[in-house]
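Worksheet for the structure shown next.
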Amino acid sequence: MKNVAGLPTRKWSRFEFGFWLLPLIAFFVFPKYLTLGSQILIAGLFALSLDLILGYARIISLGHAAYFGVGAYTAGLLAKYGWAEPISGLAAAATVAAAVGLITSFLVVRGQDLTRLMVTLGIGLMLFEAANQASSITGGVDGLSGVEMRPLFGVFAFGMDGRTAYVYSLAVLFIVFCFARTLVRSPFGLSLRGIREGEKRMPAIGVSVPRKLIVIYTVGAGIAGIAGALLAQTTQFVGIDTLGFPRSAELMIMLVLGGTGYLYGALIGAAVFMVLQDYLANLSAVYWQFWLGLLLVAIVMFARGGLMGGAIALHRRWLRSRT
Numbered sequence: 001m002k003n004v005a006g007l008p009t010r011k012w013s014r015f016e017f018g019f020w021l022l023p024l025i026a027f028f029v030f031p032k033y034l035t036l037g038s039q040i041l042i043a044g045l046f047a048l049s050l051d052l053i054l055g056y057a058r059i060i061s062l063g064h065a066a067y068f069g070v071g072a073y074t075a076g077l078l079a080k081y082g083w084a085e086p087i088s089g090l091a092a093a094a095t096v097a098a099a100v101g102l103i104t105s106f107l108v109v110r111g112q113d114l115t116r117l118m119v120t121l122g123i124g125l126m127l128f129e130a131a132n133q134a135s136s137i138t139g140g141v142d143g144l145s146g147v148e149m150r151p152l153f154g155v156f157a158f159g160m161d162g163r164t165a166y167v168y169s170l171a172v173l174f175i176v177f178c179f180a181r182t183l184v185r186s187p188f189g190l191s192l193r194g195i196r197e198g199e200k201r202m203p204a205i206g207v208s209v210p211r212k213l214i215v216i217y218t219v220g221a222g223i224a225g226i227a228g229a230l231l232a233q234t235t236q237f238v239g240i241d242t243l244g245f246p247r248s249a250e251l252m253i254m255l256v257l258g259g260t261g262y263l264y265g266a267l268i269g270a271a272v273f274m275v276l277q278d279y280l281a282n283l284s285a286v287y288w289q290f291w292l293g294l295l296l297v298a299i300v301m302f303a304r305g306g307l308m309g310g311a312i313a314l315h316r317r318w319l320r321s322r323t
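In our numbering, the protein residues as written are 1 to 323.
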């Protein structure tokens with residue numbers, strides 16, 4: 001039995017093994033770009049968190065950066081005031097972000113698409129302004145500095161070469177991805193797909209739609225918090241832009257590029273966006289957004305399911321041509 005992405009529901013496919021080999025190879029082949037690589041991995045984890053609630057539960061959010069920022073500030077503040085152990089800081093950030101997600105989920109799940117869109121946007125704006133006003137704690141527009149992390153496991157320091165940050169980010173991403181992969185292939189994940197395809201019909205078969213949406217929204221918020229904490233720990237700085245609307249908008253672009261509802265689409269979209277952003281910004285610091293926007297329009301027009309969806313469609317067409 002295969003899922004919507006054409007991948008086996010339980011066993012790992014050759015595509016998946018090959019996919020995860022790429023970042024390992026990149027670690028040795030591109031040692032000068034490990035800092036960018038860690039940023040790509042963190043962006044991929046962040047995009048994965050939104051894909052769970054958008055791609056599988058059809059909850060449209062324009063304020064998902066709120067939970068990313070909550071995680072970043074939690075890890076950053078803990079490190080600044082004495083709790084600088086990375087793993088426990090990551091767990092604390094996930095817990096706080098998930099708690100905020102749980103509290104706000106009751107507002108989000110009550111409405112439909114447009115209502116949810118506006119509620120999530122409002123939540124993001126409120127938390128951004130709260131962080132801005134609490135400048136004595138968060139640093140306000142100047143950001144939270146003085147974040148100094150202890151070496152990972154007491155051995156691996158977060159140096160300027162980015163090696164520890166890259167391996168740390170990759171390990172966390174892989175662990176969280178395995179969790180998400182298992183989740184969407186479980187009966188709970190199947191119920192989410194049912195809600196996505198026909199939310200009004202699910203109560204007829206005994207599915208509590210609000211409860212399922214609250215759970216997945218909380219999980220997505222927690223994962224976003226982990227991504228934010230990773231950013232704070234690896235850069236040792238937290239800017240107020242981690243809570244801002246532009247970061248939520250960039251996240252949505254990543255999912256449009258990669259495709260929603262595939263998990264791997266979120267990772268591919270994040271990688272493409274971050275690489276293009278870095279390349280185009282160096283090429284033209286003024287007009288890079290124009291070229292990125294042009295690519296986005298082309299993908300929406302000619303690959304409705306994003307890069308992942310387009311690749312799957314081409315693969316299926318190729319298989320049909322062989323039979």
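By construction, the Cβ of each residue, glycine as well, lies at the ideal position given by its N, Cα and C atoms.
For the pair residue 41 and residue 28, the Cα-to-Cα distance works out to about 16 Å.
Within 10 angstroms of the beta-carbon of residue 287 lie fewer than 16 other beta-carbons, which makes it exposed. Between residue 228 and the set 253, 172, 112, the nearest pair of CA atoms involves 172. DSSP places residue 19 within a helical segment (H, G or I) once states are collapsed to three. With contacts defined as CB atoms closer than 8 Å, residue 130 and residue 232 fail to qualify as a contacting pair. Fewer than three pairs of CB atoms, one per stretch, sit closer than 8 Å, so the stretch 14-21 makes no contact with the stretch 208-228. The C-beta of residue 289 has fewer than 16 other C-beta atoms within 10 Å across all chains shown, which makes the residue exposed. Residue 144 has 238 as its beta-bridge partners, per DSSP. Burial check for residue 279: the Cβ neighbour count within 10 Å stays below 16, so the residue is exposed.
In the three-state reduction of the DSSP assignment, residue 153 falls in the coil class. In the DSSP assignment, residue 120 falls within the unbroken alpha helix (DSSP H) covering 113-133. Per DSSP, residue 57 is not a residue of any alpha helix (DSSP H), being assigned neither H nor E. When the Cα atoms are used, residue 118 and residue 293 turn out to be separated by approximately 23 Å.
The shortest C-alpha to C-alpha distance from residue 37 to any of 167, 219, 104 is the one to 167. Residue 67 is classed as buried because its beta carbon has at least 16 other beta carbons within 10 Å across all chains shown. For residue 80, the enclosing alpha helix (DSSP H) covers residues 65-80. Residue 182 counts as exposed, since fewer than 16 other beta carbons sit within 10 angstroms of its beta carbon. Nearest to residue 304 by alpha-carbon distance, out of 191, 261, 270, is 261. Residue burial annotation: residue 160 is exposed, with fewer than 16 other C-beta atoms found within 10 angstroms of its C-beta.
Check the Cα spacing between residue 78 and each of 216, 238, 113: the tightest is with 238. In this structure residue 301 is not in contact with residue 264, their Cβ atoms being roughly 22 Å apart against a cut-off of 8 Å. Burial check for residue 200: the Cβ neighbour count within 10 Å stays below 16, so the residue is exposed.
In this model, residue 319 and residue 259 are separated by some 21 Å (Cα to Cα).
Collapsing the DSSP output to three states places residue 166 in a helix. Between residue 234 and residue 165, the CB-CB gap stays under 8 Å. Ranking 219, 170, 163, 316 by CA distance to the CA of residue 189 puts 219 first. For residue 273, the secondary structure class from DSSP, reduced to helix, strand or coil, is helix. With a cut-off of 8 Å on Cβ pairs, the stretch 86-100 is not in contact with the stretch 269-279, counting fewer than three such pairs.
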